[in-house]
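Numbering (our numbering), first residue to last: 192 to 468.
Notes follow the structure.
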(Lines of atoms letter the chains of each structure in order from A; the text may use other names.)
(Lines give C-alpha, C1' and ligand atoms only; values in the text may rest on other atoms or scores of the structure.)
Protein backbone atom coordinates (compact mmCIF):
# COMPACT_ATOMS: atom_id res chain seq x y z
CA UNK A 192 0.00 0.00 0.00
CA UNK A 193 1.33 3.41 -0.95
CA UNK A 194 1.72 5.59 2.13
CA UNK A 195 -0.40 8.74 2.20
CA UNK A 196 1.51 11.98 2.35
CA UNK A 197 0.99 14.06 5.45
CA UNK A 198 -1.30 17.04 4.92
CA UNK A 199 0.40 20.33 5.81
CA UNK A 200 -1.06 22.24 8.73
CA UNK A 201 -3.82 24.72 7.89
CA UNK A 202 -1.77 27.64 9.15
CA UNK A 203 1.11 26.82 6.82
CA UNK A 204 -1.28 26.44 3.89
CA UNK A 205 -2.86 29.81 4.65
CA UNK A 206 0.54 31.49 4.76
CA UNK A 207 1.58 29.81 1.52
CA UNK A 208 -1.63 30.88 -0.20
CA UNK A 209 -1.26 34.37 1.23
CA UNK A 210 2.15 34.72 -0.41
CA UNK A 211 0.56 33.83 -3.73
CA UNK A 212 -2.36 36.23 -3.35
CA UNK A 213 -0.22 39.30 -2.62
CA UNK A 214 1.57 39.05 -5.96
CA UNK A 215 0.49 40.95 -9.06
CA UNK A 216 -1.08 44.36 -9.66
CA UNK A 217 -4.27 44.07 -7.63
CA UNK A 218 -2.46 44.01 -4.25
CA UNK A 219 -0.62 47.18 -5.29
CA UNK A 220 -3.95 48.89 -5.97
CA UNK A 221 -5.34 47.67 -2.66
CA UNK A 222 -2.26 49.01 -0.85
CA UNK A 223 -2.16 52.34 -2.69
CA UNK A 224 -5.79 53.40 -2.31
CA UNK A 225 -5.82 53.75 1.53
CA UNK A 226 -2.71 55.94 1.32
CA UNK A 227 -4.24 58.09 -1.42
CA UNK A 228 -7.50 58.46 0.50
CA UNK A 229 -5.61 59.43 3.66
CA UNK A 230 -3.74 62.16 1.76
CA UNK A 231 -6.97 63.45 0.24
CA UNK A 232 -8.55 63.46 3.69
CA UNK A 233 -5.65 65.51 5.03
CA UNK A 234 -6.15 68.16 2.35
CA UNK A 235 -9.90 68.18 2.88
CA UNK A 236 -9.97 68.33 6.67
CA UNK A 237 -7.18 70.90 6.90
CA UNK A 238 -9.22 73.08 4.59
CA UNK A 239 -12.32 72.53 6.71
CA UNK A 240 -10.37 73.34 9.87
CA UNK A 241 -9.25 76.60 8.26
CA UNK A 242 -12.88 77.40 7.41
CA UNK A 243 -13.81 76.94 11.06
CA UNK A 244 -10.88 79.07 12.24
CA UNK A 245 -11.91 81.87 9.87
CA UNK A 246 -15.56 81.64 10.90
CA UNK A 247 -16.84 81.44 7.34
CA UNK A 248 -20.50 81.09 6.43
CA UNK A 249 -19.75 77.62 5.10
CA UNK A 250 -18.37 76.51 8.45
CA UNK A 251 -21.35 78.03 10.27
CA UNK A 252 -23.62 75.59 8.43
CA UNK A 253 -21.81 72.59 9.93
CA UNK A 254 -22.90 71.01 13.19
CA UNK A 255 -21.31 72.33 16.40
CA UNK A 256 -19.97 68.82 17.02
CA UNK A 257 -18.14 68.78 13.69
CA UNK A 258 -16.74 72.29 14.15
CA UNK A 259 -15.45 71.39 17.61
CA UNK A 260 -13.89 68.18 16.26
CA UNK A 261 -12.10 70.04 13.46
CA UNK A 262 -10.66 72.62 15.84
CA UNK A 263 -9.08 69.88 17.99
CA UNK A 264 -7.55 67.75 15.24
CA UNK A 265 -4.45 65.76 16.16
CA UNK A 266 -2.94 62.60 14.61
CA UNK A 267 -5.39 60.30 16.42
CA UNK A 268 -8.57 62.31 15.87
CA UNK A 269 -7.59 62.85 12.23
CA UNK A 270 -7.14 59.09 11.79
CA UNK A 271 -10.61 58.57 13.25
CA UNK A 272 -12.37 60.99 10.93
CA UNK A 273 -10.25 59.89 7.95
CA UNK A 274 -11.67 56.40 8.46
CA UNK A 275 -15.03 57.83 7.38
CA UNK A 276 -13.51 58.45 3.94
CA UNK A 277 -12.17 54.94 3.45
CA UNK A 278 -13.59 52.22 5.71
CA UNK A 279 -16.78 53.93 6.83
CA UNK A 280 -18.46 56.12 4.26
CA UNK A 281 -22.03 57.22 3.71
CA UNK A 282 -23.48 55.93 0.42
CA UNK A 283 -20.53 53.64 -0.35
CA UNK A 284 -17.35 52.31 1.21
CA UNK A 285 -14.14 52.22 -0.81
CA UNK A 286 -12.89 49.42 1.42
CA UNK A 287 -15.96 47.32 0.61
CA UNK A 288 -15.17 47.63 -3.10
CA UNK A 289 -11.55 46.61 -2.50
CA UNK A 290 -12.63 43.63 -0.41
CA UNK A 291 -15.01 42.59 -3.19
CA UNK A 292 -12.12 42.63 -5.66
CA UNK A 293 -9.90 40.65 -3.31
CA UNK A 294 -12.56 38.01 -2.62
CA UNK A 295 -13.32 37.72 -6.34
CA UNK A 296 -9.66 37.07 -7.06
CA UNK A 297 -9.10 34.65 -4.17
CA UNK A 298 -12.11 32.46 -4.94
CA UNK A 299 -13.59 33.43 -8.30
CA UNK A 300 -10.32 33.42 -10.23
CA UNK A 301 -8.04 31.06 -8.35
CA UNK A 302 -10.68 28.41 -7.89
CA UNK A 303 -11.97 28.61 -11.43
CA UNK A 304 -8.58 28.46 -13.14
CA UNK A 305 -6.61 26.36 -10.67
CA UNK A 306 -4.03 29.16 -10.69
CA UNK A 307 -1.09 28.72 -8.31
CA UNK A 308 -1.97 25.09 -7.65
CA UNK A 309 -5.10 26.10 -5.75
CA UNK A 310 -6.13 22.63 -4.74
CA UNK A 311 -2.64 21.70 -3.60
CA UNK A 312 -2.37 24.81 -1.48
CA UNK A 313 -5.89 24.42 -0.17
CA UNK A 314 -5.59 20.88 1.15
CA UNK A 315 -6.78 17.43 0.14
CA UNK A 316 -10.54 18.00 0.34
CA UNK A 317 -12.87 20.84 -0.54
CA UNK A 318 -13.65 21.24 3.14
CA UNK A 319 -9.92 21.83 3.70
CA UNK A 320 -10.03 24.37 0.88
CA UNK A 321 -12.91 26.14 2.63
CA UNK A 322 -10.80 26.55 5.77
CA UNK A 323 -7.86 27.75 3.69
CA UNK A 324 -9.99 30.22 1.73
CA UNK A 325 -11.66 31.70 4.80
CA UNK A 326 -8.31 31.99 6.55
CA UNK A 327 -6.70 33.76 3.59
CA UNK A 328 -9.65 36.15 3.26
CA UNK A 329 -9.46 36.98 6.97
CA UNK A 330 -5.73 37.70 6.75
CA UNK A 331 -6.09 39.87 3.64
CA UNK A 332 -9.00 41.88 5.09
CA UNK A 333 -7.12 42.35 8.36
CA UNK A 334 -4.10 43.60 6.41
CA UNK A 335 -6.26 46.09 4.52
CA UNK A 336 -7.67 47.45 7.78
CA UNK A 337 -4.21 47.60 9.38
CA UNK A 338 -2.81 49.39 6.33
CA UNK A 339 -5.66 51.90 6.45
CA UNK A 340 -5.02 52.55 10.14
CA UNK A 341 -1.28 52.98 9.54
CA UNK A 342 -1.85 55.31 6.57
CA UNK A 343 -4.34 57.45 8.48
CA UNK A 344 -2.09 57.68 11.54
CA UNK A 345 1.09 58.45 9.59
CA UNK A 346 -0.59 61.04 7.39
CA UNK A 347 -2.18 62.52 10.50
CA UNK A 348 1.23 62.63 12.14
CA UNK A 349 2.65 64.43 9.10
CA UNK A 350 -0.20 66.91 9.00
CA UNK A 351 -0.76 67.47 12.71
CA UNK A 352 2.53 66.37 14.27
CA UNK A 353 2.72 69.57 16.28
CA UNK A 354 -0.28 68.42 18.31
CA UNK A 355 1.15 64.98 19.07
CA UNK A 356 1.36 65.80 22.77
CA UNK A 357 -2.40 66.35 22.80
CA UNK A 358 -3.11 62.73 21.83
CA UNK A 359 -4.59 60.77 24.73
CA UNK A 360 -4.62 57.04 25.40
CA UNK A 361 -8.40 57.08 25.06
CA UNK A 362 -8.15 58.66 21.61
CA UNK A 363 -5.59 56.08 20.48
CA UNK A 364 -7.70 53.22 21.81
CA UNK A 365 -10.77 54.70 20.14
CA UNK A 366 -9.17 55.00 16.72
CA UNK A 367 -7.80 51.44 16.90
CA UNK A 368 -11.21 50.13 17.97
CA UNK A 369 -12.91 52.10 15.19
CA UNK A 370 -10.68 50.62 12.51
CA UNK A 371 -10.80 47.15 14.07
CA UNK A 372 -14.59 47.14 14.13
CA UNK A 373 -14.60 47.43 10.34
CA UNK A 374 -13.19 43.90 10.12
CA UNK A 375 -16.59 42.33 10.74
CA UNK A 376 -18.65 44.00 7.98
CA UNK A 377 -15.77 43.72 5.51
CA UNK A 378 -15.40 40.00 6.24
CA UNK A 379 -19.14 39.58 5.78
CA UNK A 380 -18.88 40.99 2.28
CA UNK A 381 -15.78 38.95 1.47
CA UNK A 382 -17.48 35.71 2.52
CA UNK A 383 -20.62 36.64 0.54
CA UNK A 384 -18.58 37.05 -2.66
CA UNK A 385 -16.67 33.86 -1.85
CA UNK A 386 -19.97 32.02 -1.38
CA UNK A 387 -21.24 33.26 -4.75
CA UNK A 388 -18.02 32.06 -6.38
CA UNK A 389 -18.29 28.70 -4.59
CA UNK A 390 -21.78 28.35 -6.08
CA UNK A 391 -20.18 28.81 -9.52
CA UNK A 392 -21.40 32.32 -10.33
CA UNK A 393 -19.94 33.34 -13.72
CA UNK A 394 -16.65 35.15 -13.31
CA UNK A 395 -17.28 38.41 -15.19
CA UNK A 396 -20.80 39.02 -13.82
CA UNK A 397 -19.47 38.24 -10.34
CA UNK A 398 -16.72 40.83 -10.78
CA UNK A 399 -19.29 43.44 -11.81
CA UNK A 400 -21.44 42.60 -8.80
CA UNK A 401 -18.47 42.58 -6.42
CA UNK A 402 -17.48 46.17 -7.30
CA UNK A 403 -20.95 47.66 -7.86
CA UNK A 404 -22.99 46.10 -5.06
CA UNK A 405 -21.26 48.25 -2.37
CA UNK A 406 -22.81 51.34 -3.98
CA UNK A 407 -26.33 49.92 -3.73
CA UNK A 408 -25.63 48.60 -0.23
CA UNK A 409 -24.28 51.94 0.94
CA UNK A 410 -27.16 53.90 -0.56
CA UNK A 411 -29.81 51.74 1.08
CA UNK A 412 -28.05 51.57 4.45
CA UNK A 413 -27.43 55.33 4.52
CA UNK A 414 -30.99 56.48 3.81
CA UNK A 415 -32.93 53.70 5.56
CA UNK A 416 -32.84 51.95 8.97
CA UNK A 417 -31.45 48.76 7.37
CA UNK A 418 -28.01 49.75 8.65
CA UNK A 419 -29.05 48.47 12.08
CA UNK A 420 -29.58 44.91 10.84
CA UNK A 421 -27.63 44.38 7.63
CA UNK A 422 -24.35 42.41 7.44
CA UNK A 423 -22.38 45.61 6.75
CA UNK A 424 -24.61 48.40 8.05
CA UNK A 425 -22.05 49.90 10.44
CA UNK A 426 -20.02 51.08 7.44
CA UNK A 427 -22.82 53.59 6.70
CA UNK A 428 -23.28 54.81 10.29
CA UNK A 429 -21.16 57.95 10.15
CA UNK A 430 -21.94 61.04 8.09
CA UNK A 431 -19.62 63.35 10.02
CA UNK A 432 -17.93 62.64 13.37
CA UNK A 433 -17.49 58.91 14.17
CA UNK A 434 -18.67 57.67 17.56
CA UNK A 435 -18.72 54.13 18.94
CA UNK A 436 -22.07 54.53 20.68
CA UNK A 437 -24.58 51.92 21.83
CA UNK A 438 -26.38 51.84 18.48
CA UNK A 439 -23.12 51.15 16.66
CA UNK A 440 -22.09 48.39 19.07
CA UNK A 441 -25.53 46.75 18.78
CA UNK A 442 -25.37 46.81 14.99
CA UNK A 443 -21.85 45.37 15.15
CA UNK A 444 -23.12 42.49 17.30
CA UNK A 445 -25.76 41.79 14.65
CA UNK A 446 -23.02 41.73 12.02
CA UNK A 447 -21.11 39.13 14.05
CA UNK A 448 -24.22 36.95 13.82
CA UNK A 449 -24.31 37.49 10.07
CA UNK A 450 -20.65 36.49 9.84
CA UNK A 451 -21.33 33.21 11.63
CA UNK A 452 -24.22 32.50 9.24
CA UNK A 453 -22.26 33.33 6.09
CA UNK A 454 -19.28 31.23 7.20
CA UNK A 455 -21.62 28.31 7.91
CA UNK A 456 -23.23 28.65 4.47
CA UNK A 457 -19.81 28.74 2.81
CA UNK A 458 -18.75 25.66 4.73
CA UNK A 459 -21.95 23.78 3.82
CA UNK A 460 -21.60 24.73 0.15
CA UNK A 461 -17.99 23.51 0.15
CA UNK A 462 -18.78 20.25 1.95
CA UNK A 463 -21.81 19.55 -0.24
CA UNK A 464 -19.75 20.05 -3.36
CA UNK A 465 -17.26 17.54 -1.96
CA UNK A 466 -20.02 14.97 -1.38
CA UNK A 467 -21.42 15.47 -4.88
CA UNK A 468 -17.99 15.42 -6.53
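Heads up, the beta-carbon is just placed ideally off N, CA and C, and yes, glycines get one too.
Residues in the same chain with beta-carbon distance under 7 Å from residue i, minus the five sequence neighbours each way, listed in chain order, please.
i           : result
residue 374 : 332, 333, 336
residue 427 : 281, 409, 412, 413, 418
residue 327 : 205, 208, 209, 212, 297
residue 358 : 265, 266, 267
residue 454 : 325, 382
residue 433 : 271, 272, 274, 275, 279, 369
residue 330 : 205, 209
residue 439 : 425, 428
Just curious, the alpha helix (DSSP H) that residue i is in, first and last residue?
i           : result
residue 272 : 266-273
residue 242 : 216-245
residue 373 : Careful: residue 373 lies outside any alpha helix (DSSP H) and carries neither H nor E.
residue 412 : 394-414
residue 429 : Looking at the DSSP string, residue 429 is not in any alpha helix (DSSP H), and its letter there is neither H nor E.
residue 281 : That residue, residue 281, is in no alpha helix (DSSP H); it is neither H nor E in DSSP.
residue 258 : 255-262
Please go through the same chain and pick out, in chain order, the residues whose beta-carbon is closer than 8 Å to the beta-carbon of residue i, but skip the five residues on each side of it.
i           : result
residue 397 : 295, 299, 384, 387, 388
residue 258 : 243, 250
residue 218 : 212
If you run the structure through DSSP and keep just helix, strand and coil, what is residue i?
i           : result
residue 440 : helix
residue 435 : coil
residue 249 : helix
residue 418 : helix
residue 423 : coil
residue 209 : helix
residue 390 : coil
residue 358 : coil
residue 196 : Since pLDDT at residue 196 reaches only 42, below the 50 mark, its modelled position is unreliable, and the value read off the structure follows with that caveat. Note: residue 196 maps to coil in three-state DSSP.
residue 314 : Confidence at residue 314 is low in this model, with a pLDDT of 47, below 50, so its placement is unreliable and the value that follows should be read with caution. The answer is coil: DSSP assigns residue 314 none of H, G, I, E or B.
When you compare each of the options to residue i by their alpha carbons, which one comes out closest?
i           : options            : result
residue 391 : 460, 406, 379, 346 : 460
residue 246 : 346, 233, 235, 261 : 261
residue 271 : 283, 406, 372, 447 : 372
residue 380 : 321, 269, 446      : 446
residue 431 : 215, 356, 235, 442 : 235
residue 484 : 403, 377, 339, 289 : Absent from the structure is residue 484, since the part of the chain shown begins at 192 and ends at 468.
residue 361 : 352, 435, 393, 376 : 435
Take residue i and list the residues in its own chain whose beta-carbon comes closer than 6 Å to its own, dropping the five residues that flank it on each side.
i           : result
residue 229 : 273, 342, 343, 346
residue 276 : 228, 232
residue 288 : 402, 405
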